[in-house]
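>
In UniProt numbering, the protein residues as written are 1 to 222.
1) What are the boundary residues of the alpha helix (DSSP H) that residue 39 is part of?
2) Is residue 93 helix, strand or coil by DSSP?
3) Relative to the alpha-carbon of residue 145, which residue among 134, 66, 207 has its alpha-carbon at the smallest distance?
4) Applying the criterion that 16 or more other CB atoms from any shown protein chain within 10 Å of the CB defines a buried residue, is residue 210 buried or exposed?
5) Helix, strand or coil for residue 129? Go by DSSP, reduced to three states.
6) Tell me where the alpha helix (DSSP H) around residue 144 begins and ends.
7) Can you check which of these residues, 168, 77, 39, is closest to residue 212 by C-alpha distance?
8) Can you tell me whether residue 196 is helix, strand or coil according to DSSP?
9) For residue 98, count neighbouring C-beta atoms within 10 Å of its own C-beta (all shown protein chains included) and say buried if the count is 16 or more, exposed if not.
10) For residue 1, does the three-state DSSP call read helix, strand or coil?
11) How big is the Cα-Cα spacing for residue 196 and residue 190?
12) Where DSSP assigns a beta bridge to residue 26, which residues make up the other side?
13) Just mark residue 206 as buried or exposed, buried being the case when its beta carbon has 16 or more other beta carbons within 10 Å.
14) Alpha carbons only, please: which of 43, 96, 104, 131 is nearest the one belonging to residue 117?
15) Pick helix, strand or coil for residue 176, following the three-state DSSP scheme.
16) Mapping DSSP to helix, strand and coil, what is residue 112?
17) Count the CB pairs spanning the segment 54-65 and the segment 32-44 that are closer than 8 Å, and state whether there are at least three.
18) Within 10 angstroms of its Cβ, does residue 68 collect 16 or more other Cβ (buried), or is it exposed?
19) Measure the beta-carbon distance from residue 45 to residue 5 and round it to whole angstroms, keeping in mind my assumption that it falls under 8 Å.
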């Protein structure tokens, strides 16, 4: 899951980002509407957490751009103005959800996860293929009934490989969905993560490299 946090209070923005990353999400941060507008045009975020009262380009304008854009990004609007009229206006311009400040972080996480499920085709809470069982809610992985301890990034990569309809998954998609903007696109982090993931899953290997294309989980290997 990739999330954009747009909040001009830097300490709050950084705290939200830190907390969401601890939940296994890839998070980018903007402190003003102008930079957020560029990011939203460039990347297909699952969820954008927008402060309504932003300098330069406001949260309302950003929401309108998201709604009119080509991506399926869902918008969670944050604001100190949480009256009924304010919520109605925010939802009427295209926001998917509304959360007043101050808020409980656990509620923010729950709302972001709920919106992310709406941003993409519904996926079952448990993903299974080739003897691998991935509990996305409990964040646990098993192979052949054996528990496999995975890091957050390894879990994210495996979830992308096992998602419904997934065939060959490119390194570019893995970078976009599992890591954030700070990752160097020329890095070998995907290859290294794949090596450790394969080692943890054990034999026989089920993740196959497709030269020039990416990676795929094979049900039956020749």
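Beta carbons are placed, not taken as given, at the ideal position from N, Cα and C, and that holds for glycine.
A quick note: this is a predicted structure, and the numbers were derived from the prediction, not measured.
So, from the data block:
1) Here residue 39 refers to the residue found at position 39 when the chain shown is read from its first residue. It spans 33-42 - the alpha helix (DSSP H) in which residue 39 sits, taken as one unbroken run.
2) Position 93 of the chain shown, counting from 1, holds the residue named residue 93. Looking at residue 93 - three-state DSSP - the assignment turns out to be coil, as it is neither helix nor strand.
3) Here the question's residue 145 lines up with position 145 in the chain shown. The shortest Cα separation from residue 145 among 134, 66, 207 belongs to 134.
4) The count along the chain shown starts at 1 and reaches residue 210 at position 210. Answer is exposed; the Cβ neighbour count stays below 16.
5) In the chain shown, residue 129 corresponds to position 129, counting from 1. Here residue 129 sits in strand by DSSP.
6) Along the chain shown, one-based indexing puts residue 144 at 144. Residue 144 -> no alpha helix (DSSP H), and no H or E assigned at all.
7) As a working mapping, residue 212 is identified with position 212 in the chain shown. For residue 212, the nearest C-alpha among the options comes from 168.
8) The residue given as residue 196 occupies position 196 in the chain shown. Of the three classes helix, strand and coil, the one that applies to residue 196 here is helix, per DSSP.
9) As a first step, residue 98 is located in the chain shown; it is residue number 98 there, counting from the start. Buried, by the Cβ-count rule.
10) What you label residue 1 is simply residue 1 of the chain shown in a count that begins at 1. Coil, per DSSP.
11) Position 196 of the chain shown, counted from the start, is the residue given in the question as residue 196. Position 190 of the chain shown, counted from the start, is the residue given in the question as residue 190. Whole-angstrom Cα-Cα distance: 10 Å.
12) Position 26 of the chain shown holds residue 26. Bridge partners of residue 26: 2.
13) Start at 1 with the first residue of the chain shown, and residue 206 comes out as number 206. The residue in question, residue 206, is buried, as its Cβ has 16 or more Cβ neighbours within 10 Å.
14) Sequence index remark: in the chain shown, residue 117 carries index 117 (1-based). When each option's Cα is compared against that of residue 117, the closest is 96.
15) Locating residue 176 in the chain shown gives position 176, where the first residue counts as 1. Residue 176 falls in the helix class under three-state DSSP.
16) In the chain shown, counting from the first residue as 1, residue 112 sits at position 112. Correct three-state label for residue 112: helix.
17) yes
18) The residue you call residue 68 lines up with position 68 of the chain shown. Exposed is the call here.
19) In the chain shown, counting from the first residue as 1, residue 45 sits at position 45. In the chain shown, counting from the first residue as 1, residue 5 sits at position 5. Contact doesn't hold; Cβ gap of about 10 Å is too wide.
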